[in-house]
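Going line by line, the protein sequences match chains A and B. Here the first sequence stands for residues 2 to 743, where the numbers follow the numbering used here. Here the second sequence stands for residues 5 to 432, where the numbers follow the numbering used here.
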Amino acid sequence: MAIETKLGLFICSGCEISNCINIENLAATISKEAKIPLVVTNQFLCGSEAISKIKQDIAEQELNRVVIAGCSARTKIEEFDFSDISTDILTERVNIRELVAWSHTPNDEETQSLAEDYIKMGIAKARNSEPPEPFIQETSNNVLIIGGGISGLNSSLSVAEAGYRAILVEKEDALGGWLSKWKSSIPHNFPFTSLEKNDITDLINRVEKHPNIKIYKSSVVEKISGQPGQFIATIKNGSLNEENIGSVVLATGWKPYNANKLSHLGFGIYQNVVTNVMIEEMVKSGEGIKKPSDGKRPNSIAFIQCAGSRDENHLPYCSAVCCRTSLKQALYVNEKDRETKIFILYKDIRTPGESELFYKQVQQEENIFLTKGEVSSIVEDNNELVITLKDTLFGEDVIVRSEMVVLATGMVPSTYVDLFEEKGEDKLTSDGKKEAAGAEQGAKILNLTYRQGTDLPTLKYGFPDSHFICFPYETRRTAIYAAGCVREPMDSKCAENDALGASFKAIQAIELISQGKALLPRVGDESYPEFFLQRCTQCKRCTEECPFGTLDEDDKGTPKPNPNRCRRCGICMGACPERIVNFKNYSVHSISSMIKSLELPDEDDEKYRILGFVCENDAYPALDLSGLKRQQFDAAIRFITVRCLGSVNTIWINDALSNGFDGVLLLGCKHGDDYQCHFIKGSELANKRMENVQEKLKQLALEPQRVKIETIAIDDYSRIPSVINKFVESVKEVGQNPYKGM
Amino acid sequence: MSNTVIKETMISADVLVVGAGIAGITSSVELSEIGKKVILIEKNPFIGGRVLQMNKYFPKMCPPSCGIEINLKRLRNNPGIRIFTLSEVRMIEGVEGDYTVLIEKKPRFVNDNCTSCKLCEQVCPVERKNEFNFNLNKTKAVYLPFDSAYPSSYVIDHDTCKGVSCSECVKVCSYNAIDLEEKEERFELKVGAIIWATGWSSYDAKKLIDLGFGIYPNVVTNTIFERISSPNGHTNGKIVRPSDSQQDNKLIKSFAFVQCAGSRDENHLPYCSSVCCLASMKQAHYIREQYPDAEIYLYFIDVRSPGRLEDFFTNLQTDNKVFVNRGKIARIRENKSNSNLIIEAENTLTGELITREVEMVILAVGMVPNVDGVDIINKSLDENGFIRRDNQYGIIGAGVATGPCDVSTTVKEAAGAAMMALKILGRE
């Protein structure tokens with residue numbers, strides 16, 4: 002350690018802590034055993050008087066480690082922040098309020114010992130950690146925006162107007178995307194009753210004129226190498242051009258579902274069955290809506306909704322805009338005359354929010370007939386298409402005869418590779434889920450030089466991230482954000498809003514990375530993993546398991562870190578069997594030192610000791626809330642807070658068992674399809690690693706019950722006592738750790 | 005006005021965010037993380053808003069407090085945000101880039117010294133209705149709004165507190181945290197941009213007179229049902245009929261969800277509230293968890309589960325005791341003998357009347373924007389009370405204040421609102 006640690010311990014006796022714990026004895030014991038010269042107790046440690054006294058002590062005694070024993074670190078954050086005095090100060094909060102005084106028997110020997118142990122662990126952690134030094138390098142202020150449709154244009158303009166530089170890459174020779182093929186927009190403004198002017202041309206003009214936007218048309222991204230803040234994008238348009246890039250917005254939009262697969266609806270069989278995209282093209286061209294068979298205006302036209310959408314054989318999802326598009330196209334027909342009979346055949350009409358007013362308006366048109374039902378067959382008869390509907394509101398089948406049929410086909414993300422088209426294999430099934438390793442199977446758009454694949458890992462149906470409801474811009478590739486219909490089906494106004502949000506996140510990424518700070522969820526964290534590569538055995542666990550594709554590899558398999566891609570979860574630290582991955586303030590050694598700082602009771606004492614690892618994101622707040630509710634639980638367990646269960650290195654479990662702990666309990670987030678892990682794979686990996694731990698237990702002839710993972714969500718706090726007590730009981734059933742005292 | 009303290013000092017910031025629900029919190033943390041100074045005001049004594057009254061989010065069935073926790077961490081670690089709870093905007097003047105805003109802050113009577121140690125609550129002699137649980141239970145006059153409330157300090161309900169003459173709480177507080185004579189404050193802000201994220205309230209279900217809410221105990225609204233299902237609710241998450249005692253552990257055998265209760269209805273809300281279909285499907289999952297054999301009837305006009313959320317609907321239909329029906333519920337009556345409900349659905353095409361008796365009814369009541377009385381804001385609203393995107397005053401709307409939407413859309417919009425504010429403010 003570079004600088005000698007000078008540690009001060011400050012213990013709060015307020016909030017009834019002293020009714021439960023003998024603070025005097027606690028201070029004396031710790032002072033003696035942990036050899037701390039400065040131990041201060043106060044009955045109102047977060048009060049302004051006490052705080053100024055702490056600050057005075059820090060200055061006078063030149064303290065660089067401050068251990069605060071009192072309430073949870075989730076409270077009184079500003080009060081116990083001493084970073085304004087010096088960045089060399091490391092503050093460690095020890096929770097003896099919620100985790101000890103409020104949840105255990107007052108004035109009990111075991112409760113006293115629990116408080117002592119928590120403080121000893123806090124001291125050990127403070128002594129064996131260092132303040133982080135941020136990874137700061139020169140970063141680019143350019144945002145690469147891929148796709149020049151409504152989302153990409155709005156992203157570019159936002160970035161530019163906010164004072165940053167946008168590099169816009171569009172594969173076509175003109176900007177505008179699908180919108181430039183539409184005549185009018187569905188209504189987006191009150192009163193939502195009439196079609197709106199499509200203002201894409203204005204938008205294109207503004208983008209083309211803006212000095213902060215550099216546009217590459219007829220171009221694709223050949224390669225993106227490096228890391229956020231320092232990407233180098235190679236853009237190909239005949240020649241190869243390199244651009245420095247800070248962050249990326251993926252706005253490559255959608256493609257229509259392949260109507261050739263909809264032969265059951267007559268497409269490709271009957272000439273007068275067309276798609277909604279074809280209607281837009283007819284209208285935009287000025288020719289108007291004509292029957293392909295004879296070029297004449299139809300006397301009747303039927304829109305079939307959910308053509309290929311909400312269909313387990315095609316797209317199981319809803320494409321969100323097709324209902325409103327058909328309503329719009331029905332009004333296109335009425336712009337010429339109101340003689341044409343128009344049928345809209347739907348399963349459910351989906352006009353969310355105030356767009357319901359648009360639906361109401363269209364319903365009032367006398368020649369538009371909206372009929373609910375599912376198309377069971379469609380055949381041609383005497384120049385008319387005969388559509389049979391089942392599951393109607395009448396309870397019986399309904400027949401509709403129409404000269405022309407429009408299939409309201411859905412949207413497929415541009416990231417989706419249709420194997421049917423590419424290779425003649427039809428793999429478009431409901432479980433088209435692809436994980437990180439499978440990113441290679443998606444469309445190659447970003448062409449990242451990441452070890453884990455060229456593009457954003459996709460979710461179900463080929464859509465790229467995000468999986469999170471609360472953090473919809475989170476992706477598994479740091480500082481790369483998806484926007485618009487590539488992410489999920491949406492209307493053009495939503496795409497515009499989405500573009501604003503994504504471009505904001507792209508700017509924010511640049512700002513944070515330029516200061517060496519982490520992005521969500523550990524926003525502002527200045528620590529980052531450091532690799533002691535001399536001891537690396539090239540096992541590749543870290544490079545494979547990182548959920549964010551942070552690590553590349555050299556030819557031998559040695560990891561090549563990219564700190565700006567990192568989200569600081571510590572999964573690499575948990576993965577490494579050689580313990581060579583560490584953060585300055587969170588390391589294999591610092592946690593081991595916490596475990597080893599405790600002197601556990603002898604076998605004869607008949608006292609059990611359990612070590613708990615608790616995820617800081619959800620399980621720890623649940624513990625806190627359990628304490629707040631004054632729920633009582635067994636005093637045998639001591640918790641260590643971890644960044645993610647995925648950061649738990651199994652050596653800690655070994656350390657615990659060999660140091661005499663009788664069992665180890667891990668509390669973390671849900672994994673699986675609806676995972677709640679904030680680092681995507683952390684809790685899943687922890688579960689996998691437990692298999693190795695169980696193997697190890699077997700070798701040591703220890704019972705499997707001694708180590709267990711439990712899922713705890715943040716609102717599971719009423720379950721906390723039973724989960725802990727049950728585990729303690731199950732350990733007691735197998736008896737004390739035979740290695741105790743060895 | 006004698007009880008109001010008018011502060012002379014003017015507080016300046018880059019952005020004012022009004023409403024600290026998921027939208028307002030998101031806009032605030034996003035902006036502060038690029039170095040902007042934000043003032044976040046909230047009329048409740050806690051931040052987090054409406055989502056904290058929810059049990060789970062669709063479609064992941066995860067607890068809302070999980071995302072709020074991360075956002076609170078972002079907020080607490082960020083000195084660029086100042087939060088004022090119990091505060092409301094009283095006046096806005098000026099233009100985009102330069103607004104003057106008058107804020108009124110009601111007294112909390114408890115200061116930052118509070119450690120939420122609970123002693124005051126134990127000695128307080130009076131109770132108040134708990135509006136967080138829709139008045140279905142009570143708290144003391146000095147109370148913590150809910151377990152994980154932030155700020156995690158107590159608040160005193162002025163209307164029920166007996167005041168200085170009682171002072172039991174003051175006597176027991178060792179931290180000098182209670183001041184029963186705290187006054188209302190008024191102060192001015194200078195900001196460059198305003199994000200309006202005041203969220204929504206449920207449509208008043210009592211106006212749906214044929215559906216029996218407020219008359220028959222076992223007709224509840226979807227928001228009340230969230231509280232009934234939440235572990236931190238008044239029943240500790242146990243789904244019980246309001247007419248039954250919690251101790252009876254009575255098995256509920258049948259439930260009905262009445263969709264578009266007030267929405268898509270010209271006599272009530274002409275618009276679709278966007279989330280109620282999915283919210284009811286989610287609540288059907290709550291029921292299934294506790295009552296594996298209960299029959300669940302859903303009555304839809306149209307099922308609206310856009311995008312990938314369709315999977316949530318598809319999945320629900322694999323449950324063979326979930327029955328999806330089309331039709332609008334015309335009337336609900338009570339079977340007096342057992343407090344069950346008889347629902348009458350009308351087939352609008354055939355005129356046929358279908359009736360069914362169930363033990364509990366959940367009305368999928370729609371969202372109404374929270375409208376404030378401030379002049380500039382009123383002029384920025386459309387006829388339904390939502391902030392117009394094309395308003396003339398530069399007011400940036402976010403979340404349900406701009407139109408009904410789900411949480412994920414709200415959060416995206418809130419980031420978009422941050423972008424709009426950044427465009428006004430510029431980079432440095």
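From the three backbone atoms N, C-alpha and C, an ideal C-beta is built for every residue, glycine too.
To the nearest whole angstrom, what separates the beta carbons of residue i and residue j, a pair I think is in contact under 8 Å?
i         : j         : result
A/Leu-346 : A/Phe-304 : 7 Å
B/Asn-226 : B/Cys-280 : 7 Å
A/Asp-603 : A/Arg-569 : Not really, about 40 Å apart at Cβ, beyond 8 Å.
A/Val-380 : A/Val-387 : 5 Å
Would residue i pass as a contact of residue j if the rule is Cβ separation under 8 Å?
i         : j         : result
A/Ser-515 : A/Gly-230 : yes
A/Phe-662 : A/Arg-580 : no
B/Lys-340 : B/Ala-298 : no
A/Leu-408 : A/Val-401 : no
B/Phe-304 : B/Arg-268 : no
A/Thr-559 : A/Leu-534 : yes
A/Val-95  : A/Leu-158 : no
A/Ile-302 : A/Met-405 : yes
A/Ala-321 : A/Pro-473 : no
B/Leu-215 : B/Ala-265 : yes
B/Leu-273 : B/Gly-370 : yes
B/Phe-136 : B/Phe-113 : no
Keeping to the same chain, check which residues put their C-beta closer than 7 Å to that of residue i; ignore five residues upstream and five downstream.
i         : result
B/Leu-357 : Glu-348 and Glu-350
A/Asn-744 : A query on residue 744 of chain A cannot be resolved here, the shown segment of chain A reaching from 2 to 743 and no further.
A/Ser-431 : Annotation note: pLDDT 41 at A/Ser-431 (below 50); position unreliable, coordinate value reported separately. So the list reads Glu-313 and Pro-317, once near-sequence residues are dropped.
B/Tyr-61  : Pro-68 and Val-411
Got a sec? Which residues, its chain only, sit under 6 Å from residue i by beta carbon, not counting five neighbours each side?
i         : result
A/Cys-307 : Lys-348
B/Tyr-397 : Ile-380 and Ser-384
B/Ser-156 : Ser-120
A/Phe-614 : Ile-641, Val-643, Val-649 and Leu-667
A/Ala-480 : Pro-229, Ser-248 and Ala-510
A/Leu-626 : Tyr-718
A/Ser-152 : Ala-252, Ala-484, Gly-485, Ala-496 and Ala-500
Whole angstroms are fine: how far does the CA of residue j sit from the CA of residue i?
i         : j         : result
B/Thr-30  : A/Lys-494 : 20 Å
A/Lys-697 : A/Gly-669 : 22 Å
A/Asp-82  : A/Thr-92  : 8 Å
A/Asn-693 : A/Leu-599 : 26 Å
B/Val-362 : B/Ile-300 : 9 Å
B/Ile-336 : A/Thr-352 : 27 Å
A/Tyr-258 : A/Val-334 : 24 Å
B/Ala-283 : B/Ser-277 : 11 Å
B/Gly-191 : B/His-162 : Checking the displayed sequence, the identity of residue 191 of chain B turns out to be Phe instead of Gly. Straight-line Cα distance between these residues: approximately 21 Å.
A/Val-250 : A/Tyr-482 : 5 Å
Starting from the C-beta of residue i, find all residues in its chain whose C-beta is less than 8 Å away, skip the five residues before and the five after it, and write them out in chain order.
i         : result
A/Lys-218 : Gly-149, Glu-171, Glu-173, Asp-174, Ala-175, Leu-176 and Asn-238
Measure from the alpha carbon of residue i to the alpha carbon of each residue in the options, then state which is nearest.
i         : options                                       : result
A/Asp-675 : B/Ser-157, B/Asp-116, B/Pro-63 and B/Asn-134  : B/Pro-63
B/Arg-308 : A/Cys-323, A/Asn-300, A/Lys-291 and A/Gly-296 : A/Cys-323
A/Phe-680 : A/Arg-477, A/Ser-53, A/Ile-652 and A/Gln-364  : A/Arg-477
A/Glu-111 : A/Lys-608, A/Lys-699 and A/Ala-51             : A/Lys-608
A/Ser-195 : A/Tyr-360, A/Glu-162, A/Asp-635 and A/Lys-210 : A/Tyr-360
A/Lys-733 : A/Ser-719, A/Tyr-740, A/Ala-714 and A/Arg-707 : A/Arg-707
B/Asp-252 : B/Gln-263, B/Thr-239, B/Cys-264 and B/Pro-83  : B/Thr-239
A/Leu-449 : A/Asp-603, A/Met-574, A/Arg-566 and A/Arg-542 : A/Arg-566
A/Gln-509 : B/Ser-16, B/Ile-15, B/Val-33 and B/Ile-391    : B/Val-33
A/Glu-475 : A/Ala-503, A/Leu-263 and A/Val-399            : A/Ala-503
B/Cys-118 : B/Val-99, B/Arg-94, B/Tyr-147 and B/Lys-110   : B/Tyr-147
B/Asn-115 : B/Glu-97, B/Ile-10 and B/Phe-88               : B/Phe-88
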